[in-house]
Amino acid sequence: MRKILFMFFLLVAVAPAIIAQATYKGKVTDKKSGQPLSGATVSLKGTTNAVATDANGEFILITEKSGTHTLVASYIGYADLSVTGDATYIRFELSESTGMGDEVVVTASRRPQKITEAPASVSVITAKDFEQSASFNIGELASKIQGVEFVRTGVNGVGFNARGFNNAFNAKVLLMTDGRNSMMAGGSGLAAGIMNTIIKEDVERLEVVLGPSSALYGPNAHNGIANTITKDPRKHQGTTVVLGGGTQEVFSGRFRQATKINNKWAYKITGEYTAGLDFAFQDSIYAGGSVYGPAVAIPEKNDRRFRHVRGEGHLYYSVTPKSDIIVSYGGSTNRFLSVNNVGRNQIVDWKFSYLQARYVSPRFFAQIYNTWTNVGNSYGIPGYTRDFWNRTHSTITDPTNPLFPAVGRLFPDEAEAFALRLGNRFKEESKRLNAEAQYNYEFEKIGLQLVAGLNYQKDNPNTFGTSLADATQKIEVSQFGGALQLEQKLPAGFKLYAAARVDNHSVFGNLFAPKMGLVKSVPGGAFRVTYGRANAAPIILFQSASVFGLVFGNGDGVRYVPNGAQLSSVSVTEKLKVEEIGTWEIGYKGKIGKKLYVDVNGYYGNSTNFLSPAITVGGRALSVGNIPIPTAGLLLPGAVNAQTGVLSGAAFSTYFNYGEVSSYGVDLGINYFFSDMVSLAVKYSWFGSDITKDNIKNDANRDGFVSAEEKSLNAPKNRIAGTLSFSNLAKGKMFVNLSARWVQEHDFYSGSQMGTAAGKGMRGMVYGGINPLNNQPRFYAKNFNWGALGGFTTIDISAGYRFNSMFSLGAGVSNLFDVEMREFVGSPSIGRLISAELKVHIPNGSKK
1 MRKILFMFFL LVAVAPAIIA QATYKGKVTD KKSGQPLSGA TVSLKGTTNA
51 VATDANGEFI LITEKSGTHT LVASYIGYAD LSVTGDATYI RFELSESTGM
101 GDEVVVTASR RPQKITEAPA SVSVITAKDF EQSASFNIGE LASKIQGVEF
151 VRTGVNGVGF NARGFNNAFN AKVLLMTDGR NSMMAGGSGL AAGIMNTIIK
201 EDVERLEVVL GPSSALYGPN AHNGIANTIT KDPRKHQGTT VVLGGGTQEV
251 FSGRFRQATK INNKWAYKIT GEYTAGLDFA FQDSIYAGGS VYGPAVAIPE
301 KNDRRFRHVR GEGHLYYSVT PKSDIIVSYG GSTNRFLSVN NVGRNQIVDW
351 KFSYLQARYV SPRFFAQIYN TWTNVGNSYG IPGYTRDFWN RTHSTITDPT
401 NPLFPAVGRL FPDEAEAFAL RLGNRFKEES KRLNAEAQYN YEFEKIGLQL
451 VAGLNYQKDN PNTFGTSLAD ATQKIEVSQF GGALQLEQKL PAGFKLYAAA
501 RVDNHSVFGN LFAPKMGLVK SVPGGAFRVT YGRANAAPII LFQSASVFGL
551 VFGNGDGVRY VPNGAQLSSV SVTEKLKVEE IGTWEIGYKG KIGKKLYVDV
601 NGYYGNSTNF LSPAITVGGR ALSVGNIPIP TAGLLLPGAV NAQTGVLSGA
651 AFSTYFNYGE VSSYGVDLGI NYFFSDMVSL AVKYSWFGSD ITKDNIKNDA
701 NRDGFVSAEE KSLNAPKNRI AGTLSFSNLA KGKMFVNLSA RWVQEHDFYS
751 GSQMGTAAGK GMRGMVYGGI NPLNNQPRFY AKNFNWGALG GFTTIDISAG
801 YRFNSMFSLG AGVSNLFDVE MREFVGSPSI GRLISAELKV HIPNGSKK
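Residues in the sequence shown are numbered consecutively from 1, following this note's numbering.
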């Protein structure tokens with residue numbers, strides 16, 4: 001009897017749940033071809049309940065409650081399709097999507113919104129774009145983004161900038177991944193770039209927001225944001241394996257495995273091994289002189305082989321159907337050649353890693369994460385090459401000579417060990433802690449949307465004195481800030497945006513950044529007018545650098561003896577301030593008719609205390625702030641005249657604030673859809689600035705003369721890119737993309753690096769006017785000048801074929817006609833690159 005009663009009460013308890021459950025079955029197909037779409041996602045709208053279709057495009061989704069539901073089917077390259085009802089079998093027929101104007105972005109306002117309604121210039125690279133790229137390097141697609149200055153420094157080295165004034169240590173664009181700061185921890189504060197831990201197959205989209213964004217993202221987001229958003233393992237399930245290769249001995253193997261275990265738990269893991277050989281480039285290193293024999297220019301000693309090993313693991317737990325806790329870890333180990341302000345670095349076993357925990361819900365978001373940088377055995381090539389040459393060519397060969405230990409001739413293996421000592425070889429074990437909380441709420445009755453957030457960041461760089469002046473005095477920088485954004489709906493389709501942020505920076509004090517915008521929705525698109533002010537706090541490297549005895553930080557001023565003066569005459573550079581950038585923008589984004597999509601944006605910005613690239617100073621550096629610099633460690637210490645005691649020939653580089661710099665430009669994007677199969681995309685940008693004027697306010701190093709180095713845009717004035725796309729070929733199985741890019745020729749200066757049309761083919765020299773201390777002409781010596789950058793037109797082509805729901809093949813050729821393509825100082829001419837990839841995708845639960 002007890003057993004019967006127990007079974008009765010158990011049935012009563014579980015019956016509502018059993019009755020409440022609803023099971024949906026169905027199939028997802030291509031509307032045009034009727035082919036099943038394997039790996040498509042079918043989700044219950046507004047929840048994390050989602051399943052992937054099997055090899056036949058079929059699915060089974062179980063809900064916790066019966067009744068009427070809305071199911072959404074999505075697939076890479078197709079428009080989402082929603083069906084509302086209580087039918088138990090649903091057939092989704094998806095149409096390929098252009099995506100123009102329909103994308104939902106989150107970066108511009110830190111909440112989901114239609115891209116045309118965002119109060120900023122936003123561009124999106126979708127998963128489909130990544131699918132149609134045959135390269136392992138996700139950064140290559142930045143060349144297609146409107147308003148972005150894309151540069152390629154090698155087979156694997158790519159980067160991008162926005163709105164001019166580029167340099168080898170550029171931190172003007174904040175890189176993020178899933179809302180996480182993806183800049184390097186520690187001394188450089190630069191973008192992780194090719195050392196990031198994500199793989200191409202796990203990217204859902206890349207959102208790029210141009211213009212000042214400090215009001216929402218703090219004093220590290222002054223020229224733009226690039227936020228990479230990865231795939232949710234519940235919506236993108238299955239196992240993907242990719243094998244690729246190409247010219248320059250490139251091989252790439254990648255995998256992604258994502259599984260939804262049940263309605264509570266899901267996970268994904270990714271991994272990549274990529275290796276190859278970079279293009280040949282032999283920069284001139286200046287060695288010899290004194291006891292080392294004649295002064296000579298010699299080629300750098302480098303290893304052109306590169307290798308990247310990266311991986312991530314993510315665990316998802318659904319607290320409720322609408323809220324998640326996500327724990328992620330990723331790491332990479334890297335070897336490649338990297339450009340810096342002095343020459344190039346040999347990156348050897350450089351490690352980048354992070355550990356992140358997030359809570360995500362419709363109204364509340366919180367995260368905490370640590371980021372680590374360990375530079376491994378990386379070293380600077382110029383000093384390494386110079387020291388190896390000098391110690392193997394010294395004229396002092398007698399071991400009994402008292403000078404022999406310091407400058408005597410060594411055997412090659414001994415010279416190698418000497419050349420790789422600390423100073424040439426880096427040492428760094430740095431970390432950064434970030435924490436964030438954000439809340440958003442919509443007051444529907446009055447049409448008001450609120451977003452509020454708090455951020456904390458603490459940097460703990462530790463370079464052991466090898467690249468920062470921190471051998472005897474550790475550096476710690478913290479930032480704490482809060483932001484508030486209001487979005488108010490107004491009559492006649494207007495929306496008003498207003499945001500403000502206050503930060504406390506441990507070095508630079510309190511910072512305030514406002515932003516406001518007005519957006520007017522019209523059929524198919526929207527017009528916008530915005531104003532934003534950003535704070536560009538100098539990165540730690542700019543404040544405290546001590547690199548190769550040549551580049552020094554100017555956070556607390558650099559004490560130095562000017563050329564033409566006696567050693568007792570000491571000057572101090574004016575220490576750095578926070579750059580303040582105010583920018584007005586006006587733009588339109590939307591459809592004109594059924595076939596034309598236009599995105600146009602014009603901007604005018606004014607910067608006070610403009611942060612310069614590394615600028616040369618004629619003189620002998622004595623200290624970074626109060627930290628002494630040994631004269632023996634200087635690369636260009638100069639010489640003192642024995643009779644007059646006057647210094648000459650000394651030089652170092654540091655960073656300065658200009659008084660005021662204005663910049664302006666126009667970015668125009670046009671997409672025209674001839675048919676469902678053929679489309680054309682054209683992107684054009686023009687950039688200008690008053691920094692080019694011969695105005696004494698542009699005298700950054702305060703030597704009384706405005707040199708060409710101080711008034712360089714470091715960017716092309718004009719550039720244009722276009723892509724002609726053919727899709728849905730061969731019954732929807734094939735695509736072909738043909739792209740062209742033109743970059744106007746331009747001069748470029750970055751520390752000891754320079755590339756100019758006038759000085760091509762000789763050692764770089766910058767004229768610095770007449771030195772008032774001795775009435776002699778002043779010249780600042782640079783590295784070898786290979787000529788101006790840009791001035792080329794390149795053609796790329798890519799194609800792909802999907803054999804069935806599991807197998808696809810892609811191939812591409814970059815720089816099809818092998819033209820001379822130099823995009824950055826210290827970088828080789830980029831030749832033709834051919835790549836191909838075979839991809840296998842097995843959806844979870846696929847039928848055999």
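For glycine and all other residues, C-beta sits at the position ideal for the given N, C-alpha and C.
Computed from a predicted structure; not experimentally measured.
What residue does the beta strand (DSSP E) around residue i start on, and which one ends it?
i	result
Leu713	Careful: Leu713 lies outside any beta strand (DSSP E) and carries neither H nor E.
Asn345	344 to 360
His505	494 to 505
Phe365	364 to 374
Glu149	148 to 152
Glu429	429 to 443
Gln449	448 to 460
Let's see if you can read the secondary structure: which residues bound the alpha helix (DSSP H) around residue i?
i	result
Ala708	Element bounds for Ala708: n/a, residue is neither H nor E.
Gly271	First-last for Gly271: 265 to 277, but that is the beta strand (DSSP E), not the alpha helix (DSSP H).
Lys128	127 to 131
Tyr78	No alpha helix (DSSP H) holds Tyr78; DSSP gives it neither H nor E.
Would you please state the rounded distance, in angstroms, between the beta carbons of residue i and residue j? I believe it to be under 8 Å.
i	j	result
Arg205	Val72	About 17 Å; that fails the 8 Å criterion.
Ala192	Leu175	7 Å
Ser340	Ile194	Contrary to the premise, residue 340 reads as Asn rather than Ser in this sequence. Contact doesn't hold; Cβ gap of about 15 Å is too wide.
Lys717	Gly688	6 Å
Leu550	Leu635	4 Å
His308	Thr270	The Cβ separation is near 13 Å, so there is no contact.
Leu724	Leu243	Actually they do not touch by this definition, with Cβ atoms about 29 Å apart.
Ala565	Leu647	6 Å
Near residue i, which residues of its chain fall below 7 Å by C-beta distance, leaving aside the five closest residues on each side in sequence?
i	result
Gln864	For the chain, the structure presents residues 1 to 848; residue 864 sits outside this window and is missing.
Phe8	Bear in mind that the predicted position of Phe8 carries a pLDDT of just 40, short of 50, making it too unreliable to give a figure here.
Gly189	Ala171, Met183, Ile539, Ile540, Leu541
Gly517	Pro119, Tyr497, Arg528, Val529, Thr530
Give me the residue from the options with the minimum Cα distance to residue i.
i	options	result
Ser43	Ser74, Lys445, Asn440, Gly57	Ser74
Ser544	Gly465, Val706, Ser121, Asn401	Gly465
Ile446	Ile842, Thr395, Pro491	Pro491
Tyr664	Tyr603, Tyr89, Met677, Ser648	Tyr603
Val706	Gly764, Gly769, Asp676	Gly769
Ser506	Thr463, Lys489, Gly549, Val578	Val578
Ile138	Thr644, Gln146, Gly159, Ala118	Gly159
Ser378	Arg432, Ala406, Asp303	Asp303
Trp686	Gly704, Gln744, Leu729, Ala651	Gln744
Lys345	Glu300, Pro233, Trp389	The question names Lys, but residue 345 is Asn in the sequence shown. Looking at the Cα atoms, Glu300 is the closest of the given residues.
Asp818	Gly826, Lys474, Ile834, Gly810	Ile834
Val208	Lys200, Gly224, Ser214, Asn370	Gly224
Val122	Leu337, Lys589, Phe443, Val296	Lys589
Ser827	Gly26, Asn714, His314, Thr153	Thr153
Thr228	Thr197, Ser338, Glu249	Thr197
Asp413	Asn401, Arg425, Trp389	Trp389
In chain order, what residues of the same chain lie with their CB nearer than 8 Å to the CB of residue i, ignoring the 5 residues before and after it?
i	result
Ile4	The predicted position of Ile4 is uncertain, since its pLDDT is 47 and thus under 50; a value taken from the coordinates is nonetheless stated next. None.
Lys322	Gly46, Thr47, Thr48, Ser361, Pro362
Val570	Arg559, Tyr560, Val561, Leu622
Val12	Low confidence applies to Val12: its pLDDT is 40, below 50, so where it sits in the model is not reliable, and the reading given next is rough at best. Around Val12: no qualifying Cβ.
Skipping 5 residues on each side, what residues in its chain have a beta carbon closer than 6 Å to that of residue i?
i	result
Asn161	Glu149, Asn170
Asn181	Asn434
Ala17	Caution applies to Ala17, whose pLDDT of 42 falls short of 50 and renders its modelled position unreliable; the model cannot decide the point.
Ser95	Lys31, Ala79
Gly649	Gly638, Ala639
Arg822	Leu789, Ser829
**Prompt:** Are the region 355 to 369 and the region 516 to 523 touching, with three or more C-beta to C-beta distances below 8 Å?
**Reply:** no
**Prompt:** Between the region 474 to 485 and the region 455 to 462, are three or more C-beta pairs nearer than 8 Å?
**Reply:** yes
**Message:** Quick test of the definition: if touching needs 3 or more C-beta pairs under 8 Å, does the region 586 to 601 touch the region 663 to 682?
**Reply:** Contact holds: three or more Cβ-Cβ distances are below 8 Å.
**Request:** Determine, using beta-carbon pairs with one atom in the region 779 to 796 and one in the region 751 to 766, whether at least three such pairs fall under 8 Å.
**Result:** yes
**Item:** Sufficient close CB pairs (3 or more, under 8 Å) joining the region 234 to 246 to the region 257 to 265
**Value:** yes
**contact_flag[the region 805 to 816, the region 209 to 228] where n(CB pairs < 8 Å) is 3 or more** = no
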